[in-house]
Structure formats: C-alpha cells, structure tokens
Amino acid sequence: MWERSGGNKPMVDMLVEAWNTKNPDCKVNLTYIPHTEMVGKIAQGIASGEVPDLMGMDLIYAPQFEKAGQLVDLTSRIKDWPELKTASKGHMTVATFEERLYGVPLYADVSALFYNKDLFTRAGLDPNKPPTSLAELRAAADKITALGGDLKGYYLPGNCAGCNIFTVGPLMWASGAEIEAATKDDEPLTGDGVKQVLQFARDMVKAGNVHDGDRAENGETFHLQFGSGKIGMMGTGNFQINQIREQNPSMKFGIGLLPGATAGSSASFIGGDLVVVPRGSERVADAVNFMKFLLSDEVQVEVYAKALNLTTRTDMIDNKYFQAEPLVQDVAKALEVGRTPYTLTFFEQINSPQGPWLKMLQRAYYTDEPLDTIIADAKKSMKDIASQS
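So the sequence shown is numbered by UniProt numbering: it starts at 1 and just counts up by one.
As structure tokens, then:
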C-alpha cells in the first residue's frame, strides 16, 4: 500500500496495524510517498505497470484518475455494502465517476471554526456561543483585537491556496456561492456569497483583525497558529484538537461551524483520503477486503473513534469515545454540512500556488482593486482552465 506523506499518518498507521494484527497471513506493507510526488509517481507507475496493490489518495484528485481509467472499477464488488449508505458524502462523491465506484474513505478531515474561549471571556463574549454569521464573526473579532498587545481576532492564511479552500471556501458555500468549474460548461464563482466573503475578508484585514505575518503563510506553519493562544478565531480542521492541547494545555477552546452571510447557515470542506486500487494491481480482492474492514463497526469505533479521529461513517459518530470528548462531537457536526469540490482540474483552478483562486484572494485581501474586477478575472481564468482539460 502506498500513502502520501503529509496526510493523517498516525491514523493510517493505526489502521494498517489493526488489519495486520487480524490478518497475519495477509499483512499490508505500507510505504509513504512524499505528498508532492504522489500524483506523478502513481501516474508513472500505472503507465509502467509498477503499482502498489492499493493506495491512499488525496480525495480531491480521484476524479481525474477515474476519468483517465487509471483506477479499478469496484462497483460490482462494493455497491451493495450497507456501510456505504452512511459513508462520508464528500468522499463518496469524488469516489464516483459516471455512476461507477472506485473507492471508500480512508480518513476524513473536516473544516470548522475553532475559537479561543479564554479570549472570548476576556473580550466580554459568551465563551459557549461561537459566531453563527459573518457579521457576528466580525463583531467578535473586533472585540478580541481591541484587547490589544499581540492578540488578533481572526486568522487568514495569505499565501496558501489549500488552506483557503479548506477554511474560506466554506464561508462562500454557506453564503450560497459555488466556486469551482466542474466541467468546461460550468460557470465558476457564482452567487452573491463570493463577493460577500471577499468583502468580509478584506474588511478583516483593513480593521487590523489579523496579524501582518499571516500574509506570508504558505501552509507550513498553519497548524501551529491557533495553539499560540494569540488568535481569537480560526478556520482549521479536526486534526488540530489533540495538537492544540499538546501545544497549549491550559488554553480553553471551542469548535463551531464555519458560518455564512445569513445567521444559522454553515458549511465545511470535507477533505482526507480515499482507499483506491490502481489499474494493474494483482491483489484487488485483498484490497477490497481491506476496504470492508475500514468501514466495519468495530474499526470505526475501536480504531478511529478511540484515537479521537473522525469516523468515516456518520452513523458511528454516537459512540462511547466521542461522548467523552465534546470537541470531537462538535467538529463531527461539520460532516453533515460538508462538501468536497468535484472537478478534473482542482489543482490548476484551486490548489496551485500560481492559480486563479489564490490570486483572487490575495488581491481581495491586500489591495483596493474593485472586487467585481477581481472576481471577473478569476472567473475567466478558472473557466479557461476547465475548458482546456
């Protein structure tokens, strides 16, 4: 099995160990491939016939591999599994191409609004009530920034395309917007929510509610920001809960949903990895058995939940381990409002450091150019990319 580095390595290690313990005659040999090399390496391996028996794949890239015929169609083997009815919708959306199934969830990352309860209390805010709209988020940020010193109300990663689709993208979805062009016929960046969120973010920067250094954040230190205790609120992921506690054990924090322009609206980015089988695999049956194992009640509870990682089935959220950890229960609610972009050109449109998504955000955050012009430029670039795919 190949898996990308930079993903949820502790979780994958535990899953493979659990499988190997139960299946000593069919052990998984796990190899990590550098994240930046994974797509190219698997494409090259498929072309040459030198592929792993199964692999973990960043779910966002699955559609382009499925369309290219580079993954094994598993529909006849897994379509009747009852576990798929409650499997993460975001994962299963991108695991499906032209009504054929190519994989199941390996692990889930969902975005949510983390907020510092200590700073909420100091600013006179209710520490048990996170913001439920962009206006409430702005008002809370203003009060926290007003505390002075090196404290800021909010965090915007200024040079990280992936960080922003994970945390700012949901603000747009919750405001009724659509972002990416799935095909050449789709219109990207539609709905008033695009401009509303860009205006919100621009206003946050102008009001001094974010640290100046945030502008340079390229993702390398993104996971360390909230645990510093200097930020009131930040969009980040479930993978941060244990890390924040290790980084800042005395800090009290809560988790809400990422809100939209209208009070009560919310959304989340469902990320993570799928388990798929590359074309040319000689152990398809064993790979499918591993997938079934991952979705089983026992593994969902005694491996995923016990380690305080999100279960990949929504009907497994109510378990004894999560009941003892309210924050995981809070972040699990994001699965119900989560979504995953579906496009064959995700990297080019969204994730590229030189792509139109990040360029649009940087112009919105840090310039005074008209937002309509900024959006129009990004829209044209995204549509051109989708048309060339």
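For glycine and all other residues, C-beta sits at the position ideal for the given N, C-alpha and C.
Quick one, which of the options has its alpha-carbon nearest residue i's?
i, options, result
"ASP185", "MET14, TRP19, THR343, ASP25", "THR343"
"GLN240", "GLU3, GLY7, TRP2", "GLY7"
"GLU282", "MET38, ILE46, GLY40", "ILE46"
"GLY40", "ASP25, PHE65, TRP19", "PHE65"
"MET382", "PHE269, TRP173, SER268, LYS359", "LYS359"
"ALA334", "ASN238, ARG202, MET38", "ASN238"
"residue 478", "SER76, GLU83, LEU106", "What is shown of the chain runs 1 to 389, which leaves residue 478 out entirely."
"GLU218", "SER268, GLN362, ASP377", "According to the sequence shown, residue 218 is Asn rather than Glu. Of SER268, GLN362, ASP377, the residue nearest in Cα terms is GLN362."
"ASN289", "TYR115, TRP81, ALA386", "TRP81"
"MET316", "ARG202, TRP19, GLU83, SER5", "GLU83"
"GLN388", "ALA332, ASN128, ALA181", "ALA181"
"LYS287", "LYS67, PRO34, VAL72, SER5", "The sequence given here has Ala at residue 287, not Lys. Selected option, being the one with the closest Cα: VAL72."
"LYS89", "PRO370, GLU336, ASP384", "GLU336"
"CYS160", "GLN354, GLU369, GLN300", "GLN354"
"ASP368", "ARG202, LEU224, SER250", "ARG202"
Check this for me: beta carbons of residue i and residue j, under 7 Å apart or not?
i, j, result
"VAL94", "THR311", "no"
"LEU274", "LEU59", "yes"
"LEU113", "GLY256", "yes"
"GLY162", "GLY176", "no"
"ILE78", "LEU54", "no"
"LYS117", "PHE253", "yes"
"ALA258", "LEU137", "The amino acid at residue 258 is misidentified as Ala; the sequence shows Leu. No; because the gap between Cβ atoms is not below 7 Å, this pair is not in contact."
"residue 390", "GLY271", "The shown model of the chain, from 1 to 389, leaves out residue 390, and the question about it has no answer."
"ALA324", "PRO356", "no"
"MET204", "TYR155", "no"
"LEU134", "GLY232", "no"
"ASN209", "ALA141", "yes"
"ALA364", "ILE374", "yes"
"MET338", "SER266", "The sequence given here has Gly at residue 338, not Met. Going by C-beta atoms, GLY338 is not nearer than 7 Å to SER266."
"ALA87", "ARG313", "yes"
Give me the Cα-Cα distance between residue i and residue j, rounded to the nearest whole angstrom.
i, j, result
"TRP165", "GLY49", "In the sequence under discussion, the amino acid at residue 165 is Ile, which differs from the Trp named in the question. Taking the straight line from one Cα to the other gives about 34 Å."
"SER352", "PRO131", "31 Å"
"ASP330", "VAL197", "24 Å"
"LEU327", "THR345", "34 Å"
"LEU189", "THR183", "13 Å"
"GLY235", "VAL168", "8 Å"
"PHE200", "VAL104", "36 Å"
"LEU151", "LYS230", "5 Å"
"MET14", "VAL28", "12 Å"
"LEU30", "SER296", "21 Å"
"LYS195", "ALA285", "49 Å"
"GLN243", "MET1", "27 Å"
"TYR304", "PRO10", "11 Å"
"SER111", "LYS380", "28 Å"
"PRO52", "TYR366", "45 Å"
"GLY191", "ASP372", "12 Å"
"THR36", "LYS320", "37 Å"
"ASN20", "HIS211", "46 Å"
"THR96", "PRO63", "8 Å"
"THR262", "VAL12", "38 Å"
"SER302", "ILE179", "According to the sequence displayed, residue 302 carries Glu and not Ser. For GLU302 and ILE179, the distance between alpha carbons rounds to 37 Å."
"ALA43", "GLY56", "14 Å"
"TYR115", "GLY227", "10 Å"
"ASN23", "GLU17", "10 Å"
"LYS206", "GLY264", "26 Å"
"HIS91", "ASN128", "31 Å"
"GLN349", "ARG4", "22 Å"
"GLU220", "LYS306", "28 Å"
"GLN70", "TYR61", "12 Å"
"LYS85", "ASP318", "16 Å"
"PHE222", "GLU298", "33 Å"
Locate the alpha helix (DSSP H) running through residue i, then write down its first and last residues.
i, result
"PHE166", "161-167"
"ASN351", "Per DSSP, ASN351 belongs to no alpha helix (DSSP H) and is neither H nor E."
"TRP81", "Run containing TRP81: none; DSSP gives neither H nor E here."
"ALA378", "371-388"
"THR31", "Note, THR31: premise wrong, no alpha helix (DSSP H); beta strand (DSSP E) at 31-33."
"ARG138", "134-145"
"ARG202", "192-206"
"GLU3", "No alpha helix (DSSP H) holds GLU3; the beta strand (DSSP E) holding it covers 2-4."
"ALA18", "9-22"
"VAL301", "From DSSP, VAL301 is part of no alpha helix (DSSP H); its letter is neither H nor E."
Can you give me the start and stop residues for the beta strand (DSSP E) that residue i sits inside?
i, result
"ASP58", "55-58"
"ALA112", "103-116"
"MET233", "233-237"
"LEU274", "266-276"
"ILE255", "253-256"
"ARG279", "Note, ARG279: premise wrong, no beta strand (DSSP E); not H, not E."
Cβ of residue i within 6 Å of any heavy atom in the ligand HEM?
i, result
"THR343", "This structure lacks the ligand HEM; in fact it carries no ligand of any kind."
Compute the beta-carbon to beta-carbon distance between residue i and residue j, rounded to the nearest angstrom, for a pair I have assumed lies under 8 Å.
i, j, result
"ALA332", "PHE322", "7 Å"
"LEU125", "VAL277", "With 8 Å as the limit, LEU125 and VAL277 do not qualify as a contact, their Cβ atoms being about 49 Å apart."
"ASN309", "TYR107", "6 Å"
"GLY158", "ASP214", "5 Å"
"ALA174", "GLY260", "3 Å"
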